[in-house]
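Single-structure report; data block below.
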Amino acid sequence: MSKSIFYHAGCPVCVSAEQDIVNLIGADNVEVVHIGENRSRITEAENAGVKSVPALVTPNGNTLHINFGASMDHVKG
Numbered sequence: 001m002s003k004s005i006f007y008h009a010g011c012p013v014c015v016s017a018e019q020d021i022v023n024l025i026g027a028d029n030v031e032v033v034h035i036g037e038n039r040s041r042i043t044e045a046e047n048a049g050v051k052s053v054p055a056l057v058t059p060n061g062n063t064l065h066i067n068f069g070a071s072m073d074h075v076k077g
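Number 72 in my numbering belongs to position 72 of the sequence shown; there are no gaps in the numbering.
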């Protein structure tokens with residue numbers, strides 16, 4: 001993986017964190033995945049270690065949970 005991946009579900013906490021992450025590391029260095037809209041990527045996020053959103057998965061595979069917007073169980077509904 002060459003870019004970080006930022007997973008979120010669209011809640012206000014997630015959107016705020018997305019703006020901060022993009023400003024900090026640059027839009028070219030992060031892929032933003034709204035798993036509330038792109039539910040097919042939920043399993044991918046969970047396999048990467050995402051337990052709650054918003055979360056950032058770094059290029060070397062570290063999963064950084066940012067604040068707490070929603071658990072993955074909540075996102076899956």
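The beta carbon of each residue, even a glycine, is placed where N, CA and C say it ideally should be.
- Scanning its chain for C-beta atoms nearer than 8 Å, with the 5 sequence neighbours on each side dropped, one finds around Ser2 the residues Pro59, in chain order.
- Ranked by how close their Cα comes to the Cα of Met72, the residues Pro54, Leu64 and Val22 have Pro54 in first place.
- Ranked by how close their Cα comes to the Cα of Gly26, the residues Ser52, Lys76, Val75 and Ser4 have Ser4 in first place.
- DSSP, read as helix, strand or coil, puts Asn38 in coil.
- Judged by DSSP in its simplified three-state form, Asn67 adopts strand.
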